[in-house]
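Protein sequences appear in the order of chains A and B.
Heads up: the first sequence begins at 187 in my numbering, then just goes up one per residue.
Heads up: the second sequence begins at 917 in my numbering, then just goes up one per residue.
Just so you know, even glycine gets a beta-carbon here, dropped at the ideal spot from N, CA and C.
Let me begin by presenting the structure, written as structure tokens, before commenting on it.
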Amino acid sequence: MVSPAQDVASHSWGMAVDIDRCIGCQACVVACQAENNLPINEEDHFHQARAFEWIRVERYWEGEFPNIKAHFIPILCQHCENAPCEPVCPVYATYHNDQGMNVQVYNRCVGTRYCANGCPYHVRFFNYWEPVWPESLRNQLNPDVTVRSRGVMEKCSFCIQRIRRGRIDARKEGRQVRDGEIQPACVQACPTNTLVFGDLNDPTSRVSKLRNDRRSYRLLNDTLRTEPNVYYLARVDTTEAEAAHG
Amino acid sequence: MQQHRELSEKQINTQLLNGALATPGWWKFAVIGLALIVLAGFATFGFMVNSGIGLTGKSRPVFWGALITTFVFWVGISHAGIMISAILRLTQAEWRRPVTRAAELLTVFSLITALTFPIIHAGRPWRIIYWIIPYDFSRGIWPNVRSPLVWDPAAIGTYLTGSILFLYVALLPDLGNLRDRTIGWRNTLYSVLSLGWRGNSRQWRLQTTAGILLSALMLPIFVSVHSIVSWDFAVTSGVEGWHSTIFAPYFVIGAVHSGVAAVVTMMALMRWLWKWDNFIRPEHFDALARLLIVVGTTWFAFTMIEILYSLYSLEAQELAFRDMQIFQWPWALLFVIFLITGFFIPVPAWFFKRVRNSIPLMFWTSISVNIGMWLERFLIIVPSLARKQPFVYTWGSYHPSLVEIMMILWSLAFVAMNMLLFARFFPLVPLFEQKESQVFSSKIKIGRASVPAVLREREQE
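Written as structure tokens, this is what we have:
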């Protein structure tokens, strides 16, 4: 039997994003939307720049037609160890938990939006309006996830409800959580295995191995020292590599 | 420098108490007009609480906009009081006397107004009152003392408390004066408020000591308040345009610039509205304009240093932010208006004695300074957020919505209405200061020489 204390100390959740594999299909975006009860993004919301995308796929074009390349980079909350959003919150609505995650407590949030200003990754979303779902979608809401009210901040939670469930299941069976057992919705939906989720404290987990990959880097960490728990694996451009090495 | 026009104590009393005892006819209309705007503002706030922050022009990534700009603006204006009543008092600048109370009053009302803005702008204002102000021990969680948003209420609350005490101590002799000139409920009101003021020498000594002590105690606030407000921005390492070490002194000097300019505006209005030509005289405007030349130029130097230092690093996002702030429509236009109204019109104009001694010109130049200072904060807050980091996918822009503009108008009307209401019951120009100043400046002729009739205690030592 694993004691709760052991269990807590043993995890440090993290993610690896291999942008060499990303095809920009946005399956992760849709999966996240469905899993986490995000409000429906209507056209207006995009025009007002108030759309909710806990994970987004940024698309950058390189070159001129016809020699054009598209680059995709999925960006979600980086769950920084040195999160700029945390110290600025006056009410501890966002804080760092003992499993390496940056979590948001909706009930505490008063809506100063200071955290969103502090976040360099633009991954925090404010409920400018009370979220509404059409009648037909009422029953699709995930019962494990709170529906946020107007005036609070929200963001990617690494699907904390799934992490909780995975840990409870493992504890019931008296074992540790197995690598790959817990998958956030985006990871589960990704058809190319771009996203890998796991325990960074476990040196044998896939995410730990990817973290130590030569291609591994963290977003804006060189300039801001935010120490994110999301590791990106750089894209390798084969044509450029061939050009360089003959 | 001062020209003296001797007035008898009786003349001083009747002229300066005209606001409280012989209310001018326009007062009622002005207050009703302002009250309507204030009510409209409260209604707008209620509308916003009912519907959501979606009514503002904010978006992602511009989460702060005109409301926070106005918050910083009013904290800036509040520096009027500390500059005039504390620093000029300690440096014994005689010309401060007629404006001390009005400046202190402006401080009190602008701080109260400033404090409302973080609440107005919050997503759940009903919670901000519940969570931040009364520390809620039942949750087992204290407010986060690392957050500048917790430092703000502390700094502003200290300043507000100090200012109210200062205002009250200086009001005591005049309350006694009013008590002796009123009957009925007003007499009762003034009797209670004047705390048994009889004007004996012990009371005067205590009152003077309290004033000097409060001035000295409030000096650190002069540095702290706007430094802390500037740290709301400067601690945010993720926002290139905010993360600047120069912000604390830069904001303080900017606050003094706008605060002193606001005092000039107010003096011109007081002189015009209550016909206090004998008390608020061109030489007072002259002295303030000289002070403003120094303050304004220092502030302008800080502005230029800030831009220079930020460009020195040649970082991509810093350049993107400056490009938007200075060169892109409509920010470029705002930037030009900001430079012209904040510095290039008023400061060179004040070099001319004719401008310094002309009350209408001083009025308009001081208004111009505050337009510039509001734009300064706006241009720091919004473009910095709009060009936050190199994620061009989420760059944005912002324009204030009607609701936000209404709240800005509300704040102006709210401060003006409160000042007028105060002026209805209390003298805006301190009577005793006026009399004291006359006593200090009276001279005795001994042969050909003319010597001061009164020696100051400091000089006797």
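Do you know how far the Cα of residue j is from the Cα of residue i?
| i | j | result |
| --- | --- | --- |
| Leu419/A | Asp408/A | 15 Å |
| Met1289/B | Phe1201/B | 20 Å |
| Trp1158/B | Phe1307/B | 17 Å |
| Pro1014/B | Leu1347/B | 8 Å |
| Ile1209/B | Ala1171/B | 14 Å |
| Ile1296/B | Ile1242/B | 11 Å |
| Gln918/B | Ile1360/B | Low local confidence applies: a pLDDT of 45 at Gln918/B is under 50, so the model's placement there is unreliable, with the coordinate-based value given in what follows. One C-alpha to the other measures close to 17 Å. |
| Cys342/A | Phe1279/B | 53 Å |
| Ala217/A | Lys395/A | 26 Å |
| Cys271/A | Cys301/A | 4 Å |
| Ala1132/B | Ser1001/B | 10 Å |
| Ala1203/B | Leu923/B | 22 Å |
| Arg1062/B | Gly304/A | 14 Å |
| Gly962/B | Asn1060/B | 28 Å |
| His1315/B | Ile1128/B | 46 Å |
| Ala1178/B | Arg1017/B | 14 Å |
| Ala1150/B | Thr1161/B | 7 Å |
| Ala1302/B | Ala213/A | 28 Å |
| Leu1105/B | Leu1094/B | 10 Å |
| Arg245/A | Leu405/A | 16 Å |
| Arg437/A | Asn268/A | With chain A represented from 187 up to 432, any question about residue 437/A goes unanswered, as that position is not in the structure. |
| Cys266/A | Ala1332/B | 47 Å |
| Phe1237/B | Glu1156/B | 8 Å |
| Trp942/B | Leu932/B | 17 Å |
| Glu1377/B | Thr1124/B | Reliability fails at Glu1377/B, whose pLDDT of 40 lies under 50, so the model's placement of it is uncertain and no value is given. |
| Val203/A | Ile346/A | 19 Å |
| Ile953/B | Leu1325/B | 8 Å |
| Arg1012/B | Ile1003/B | 10 Å |
Of all the CB atoms in chain B, is at least one closer than 9 Å to the CB of residue i?
| i | result |
| --- | --- |
| Gln326/A | no |
| Trp240/A | no |
| Ala261/A | Per the sequence shown, residue 261/A should be read as Ile rather than Ala. Closer than 9 Å: yes. |
| His308/A | yes |
| Val216/A | no |
| Gly210/A | no |
| Glu244/A | yes |
| Thr298/A | yes |
| Gly304/A | yes |
| Arg236/A | yes |
| Met201/A | no |
| Phe251/A | no |
| Gly337/A | yes |
| Pro389/A | no |
| Pro414/A | no |
Closest Cβ-Cβ distance between residue i and chain A: below 9 Å?
| i | result |
| --- | --- |
| Thr1032/B | no |
| Trp1266/B | no |
| His1315/B | no |
| Tyr1309/B | yes |
| Ile1321/B | no |
| Pro1346/B | no |
| Pro1246/B | no |
| Arg1012/B | no |
| Trp980/B | yes |
| Val1252/B | no |
Nearest by alpha-carbon distance to residue i: which of the options is it?
| i | options | result |
| --- | --- | --- |
| Ser1327/B | Leu1065/B, Leu1022/B, Phe1216/B and Phe1279/B | Leu1022/B |
| Gly173/A | Pro225/A, Asn288/A, Pro273/A and Leu381/A | In this structure chain A extends from 187 to 432, so residue 173/A is not present and cannot be described. |
| Val422/A | Leu410/A, Arg400/A, Val416/A and Pro414/A | Arg400/A |
| Gly1078/B | Leu1122/B, Leu1105/B, Glu1156/B and Ile998/B | Ile998/B |
| Ala375/A | Ile205/A, Ser196/A and Gln219/A | Gln219/A |
| Val296/A | Asn415/A, Arg353/A, Val318/A and Pro276/A | Pro276/A |
| Trp1311/B | Ser198/A, Asn387/A and Ala235/A | Ala235/A |
| Asn934/B | Gln1350/B, Gln1354/B, Arg1364/B and Arg1340/B | Arg1340/B |
| Thr425/A | Met201/A, Ala237/A and Ile254/A | Ile254/A |
| Gly200/A | Ala429/A, Trp315/A and Pro389/A | Pro389/A |
| Ile1196/B | Trp1120/B, Ser1274/B, Thr1219/B and Asn1334/B | Ser1274/B |
Cβ closer than 8 Å: which chain C residues qualify as neighbours of residue i?
| i | result |
| --- | --- |
| Trp315/A | Protein chains A and B are contained in the structure displayed, whereas chain C is not. |
So, under 8 Å CB-CB, residue i and residue j are touching, yes? Tell me the CB distance rounded to an integer number of Å.
| i | j | result |
| --- | --- | --- |
| Pro1064/B | Ile984/B | In fact, because the Cβ distance is near 12 Å, the residues do not count as touching under 8 Å. |
| Leu955/B | Met964/B | With a Cβ gap of about 15 Å, Leu955/B and Met964/B do not count as contacting. |
| Cys263/A | Val309/A | 5 Å |
Can you list the beta strand (DSSP E) stretches of 3 or more residues lying completely in the stretch 264-289 of chain A, in chain order?
280-282
Minimum length 4: unbroken alpha helix (DSSP H) runs contained in the stretch 1024-1049 of chain B:
1041-1047
Write down every uninterrupted run of the beta strand (DSSP E) in the stretch 218-266 of chain A whose length is 3 residues or greater and which is fully enclosed by it, in chain order.
241-248 and 255-262
Within the stretch 340-371 of chain A, ranges of the alpha helix (DSSP H) (whole runs, at least 4 residues):
DSSP assignment within the stretch 340-371 of chain A yields the following whole alpha helix (DSSP H) runs of 4 residues or more, N-terminal first: 346-358.
Report the start-end ranges of each alpha helix (DSSP H) in the stretch 1115-1185 of chain B that is 4 residues or longer and not cut off at the edges.
1117-1150
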